[in-house]
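Residue numbers (the numbering used here): 446 to 1142.
Everything on this sheet refers to the single structure shown next.
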């Protein structure tokens, strides 16, 4: 009897739907070409009676974020894309949680395929979380296949919005337990084969393959696995690299002698495949199955595996149906860019000749927001107080213009923050911080993008001194009180401990750009810094700012009414109540003639003070815990249903969802955060002290 042949398609970690340039080329590719290739291959498979094809299409996580588009849509635009690609099963990845689990549930609910998360338990229900499955059982080529989804523990600590009731379970232990359940000859499922989708680093996938006996046919000759519980094949994501274990029989367009960093323990014995990233790569392969000896734990074993690494190329055809759907989706994204996100009381100035040569209110505001991007994740990693500071560069702030006074729109934010390289957190000593500051200030007065943008610490410097000797002092900053969560009053920031220009000693957790950590634009001192949150776990700047402003608007809207909502988190209730009390105090002051002038003076002082650390942290945090649809300027529900009718109907469905009733818009505008960025002297040039006297810029 000849072996059964099972064809499989696999991909992972996809983000951008717009055309993207190939490295070192002006030519572009896009996801419609990826979709066409996938369809062309799948259409060659034999058709089943149920309309499915006699093969498997599998996805290993990360699709809803990050990208510039997801900063607008919060991932909704990827739902119709994935529905078109139609995987048989998908695993959740770390970035799928970027906008919080409540919103992720909405995204998953509108997809037309199952999601897996086998080794995470909701402790309140003692089952896997809502909207995900523990496993799927599919039949192809007469073979019953169990598919499970396993994640590594490490990236959970990078997710600020990870639900507290979710508990990680050891991947290897869960793999063994599910193997017993799915392969049980007296059980319900009677699976012949078990495949694990994973979202983990290469070394963790290699180790997991060994623990679960996902061994190659060559390795099975010396280490039989037919009586071992575990999985037969691991299809991974998360690393953004293309990798195939060295022990496969043949693989076209891939060098099997290549051993990427982290795969050192691949001795040609593990069945692990990872399929690149961003709609650039697709794995097509076939496994041949033979019967195991009668009475074995595994009914069948893989006797051969061979495949091909497909790389999307500019000449490949496009999927017209998906292109039509994307045209409508991207038009709706364009319409949403006009929506206001906050109200500026003063001008937000990001002109290059200013932000690249001196401290600016605009730079300070963005840095203060970004400082708290990963605070919850850092606390989970044992960093008690979150990030110590932010160190980015003025070159990441674009637009070269002024905004306001008045409304700052979503389009404005994306214009100022267009880059897609992620924010990361590095652990550095005082010496590295000083050296990086010196590098950042070394080219002044040239309008270079390396000029520092900081938060959480203060420096004094002297532009008259030679490069490399300009930094005079660095101090971490502290708050003299807990502050107001409403943001209407804040404590004064004071100098804490001085940062010593010495190697070793106290370490600082600094939010910065991946671009800078790689040493670009003169930031060589950061090369080799230990990354606590790395680029593959990082979020892009526009997404973080959008989340902060969305969270603030959500709180303001509920605080302005007596509206009560069920199912809000306890912390959310407390935050809204504090905001209501603050509004009541302000209202009392406004209507008291005796204190009117005093109130005006106090309000003026408040408007020119920085918001508290807790304010920024809370309003970023809340977007991961609550549904934000009521205050979201983008109609995600309509976007998620785009393309269901195909072609032009799909476009109309999106376009019909644009905007809200004008009366609703008026209410929405009233709940926008009022912003008054200031210069506070955190970047004082002793040669130009007049620039750091607290004047708005």
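Glycine residues also receive a C-beta, built at the ideal position from the N, C-alpha and C atoms.
Everything numeric in this text was worked out from a predicted model, so none of it was measured.
Mind reading off the beta-carbon distance from residue i to residue j? Whole number of angstroms is fine, and I expect it under 8 Å.
i: residue 808; j: residue 859; result: That belief does not hold up - the Cβ atoms of residue 808 and residue 859 are roughly 18 Å apart, past 8 Å.
i: residue 976; j: residue 1123; result: Actually they are not in contact, since the Cβ atoms of residue 976 and residue 1123 sit about 32 Å apart, beyond 8 Å.
i: residue 617; j: residue 653; result: 6 Å
i: residue 869; j: residue 957; result: 6 Å
i: residue 524; j: residue 556; result: 6 Å
i: residue 463; j: residue 817; result: About 29 Å; that fails the 8 Å criterion.
i: residue 981; j: residue 685; result: 6 Å
i: residue 467; j: residue 785; result: Actually they are not in contact, since the Cβ atoms of residue 467 and residue 785 sit about 37 Å apart, beyond 8 Å.
i: residue 495; j: residue 539; result: Not quite, the Cβ-Cβ distance comes to about 33 Å (not below 8 Å), so this is no contact.
i: residue 683; j: residue 646; result: 6 Å
i: residue 1120; j: residue 788; result: 7 Å
Give the DSSP-derived three-state secondary structure of residue i in the structure shown.
i: residue 1135; result: helix
i: residue 871; result: strand
i: residue 966; result: helix
i: residue 589; result: strand
i: residue 525; result: helix
i: residue 919; result: strand
i: residue 756; result: strand
i: residue 1012; result: coil
i: residue 1067; result: helix
i: residue 972; result: coil
i: residue 1075; result: helix
i: residue 1019; result: helix
i: residue 503; result: strand
i: residue 1052; result: With a pLDDT of 41 at residue 1052, under the threshold of 50, the modelled position of that residue is not reliable, and no figure is offered here.
i: residue 879; result: helix
i: residue 1105; result: Residue placement at residue 1105 cannot be trusted, given a pLDDT of 48 that sits under 50; what the coordinates show is reported in the next sentence. It is coil, neither helix nor strand.
i: residue 728; result: strand
i: residue 914; result: coil
i: residue 885; result: helix
i: residue 774; result: helix
i: residue 557; result: coil
i: residue 768; result: helix
i: residue 602; result: helix
i: residue 542; result: helix
i: residue 734; result: strand
i: residue 530; result: helix
i: residue 749; result: strand
Does the beta carbon of residue i fall short of 7 Å from some heavy atom of the ligand PLP?
i: residue 457; result: Of ligands this structure carries none, so the ligand PLP is not represented either.
What residue does the alpha helix (DSSP H) around residue i start on, and which one ends it?
i: residue 1116; result: Unbroken run through residue 1116: none, as it is neither H nor E.
i: residue 620; result: 616–628
i: residue 548; result: 546–554
i: residue 443; result: It is not possible to answer for residue 443, since the shown part of the chain is limited to 446 through 1142.
i: residue 653; result: 647–656
i: residue 1082; result: 1081–1085
i: residue 663; result: 662–665
With residue i as the anchor, note down where its beta strand (DSSP E) starts and where it stops.
i: residue 697; result: 695–697
i: residue 536; result: 534–536
i: residue 486; result: Note, residue 486: premise wrong, no beta strand (DSSP E); alpha helix (DSSP H) at 476–487.
i: residue 941; result: 938–943
i: residue 958; result: 952–958
i: residue 994; result: First-last for residue 994: 986–1004, but that is the alpha helix (DSSP H), not the beta strand (DSSP E).
i: residue 450; result: 449–456
i: residue 1155; result: The chain is shown from 446 up to 1142; residue 1155 falls before or after that span and cannot be answered.
i: residue 641; result: 638–644
i: residue 681; result: 678–682
i: residue 686; result: Where residue 686 is concerned, there is no enclosing beta strand (DSSP E), given that its DSSP letter is neither H nor E.
i: residue 718; result: 717–720
i: residue 508; result: Counting along the chain, residue 508 falls outside any beta strand (DSSP E), and DSSP gives it neither H nor E.
Quick check on residue i - is its C-beta less than 8 Å from some C-beta in chain C?
i: residue 670; result: In the structure shown, chain C cannot be found, because there is only a single protein chain.
Ranges of the beta strand (DSSP E) found wholly within the segment 778–864, counting only runs of at least 3: 785–789, 834–838, 851–854
Stretch pair the segment 845–864 + the segment 913–923: three plus CB contacts closer than 8 Å: no
Inter-stretch contact (C-beta, 8 Å, three-pair minimum) for the segment 679–699 and the segment 747–766: yes
Meets three-Cβ-pair contact criterion under 8 Å: the segment 1071–1087 and the segment 948–967: no
At least 3 beta-carbon pairs within less than 8 Å: the segment 597–616 vs the segment 580–588: no
At least three beta-carbon pairs within less than 8 Å, the segment 1060–1067 to the segment 495–504: Output reads no: the segment 495–504 does not touch the segment 1060–1067.
Stretch-stretch touch, CB-based, cutoff 8 Å, three pairs: the segment 710–723 with the segment 643–663: yes
Touching by the beta-carbon criterion (3+ pairs, under 8 Å), the segment 834–851 and the segment 946–961: Yes: at least three Cβ pairs fall under 8 Å.
Contact the segment 569–576 vs the segment 545–554: 3+ CB pairs below 8 Å: yes
The segment 526–535 touching the segment 476–492, judged by at least three CB pairs closer than 8 Å: yes
Sufficient close CB pairs (3 or more, under 8 Å) joining the segment 623–640 to the segment 731–744: yes
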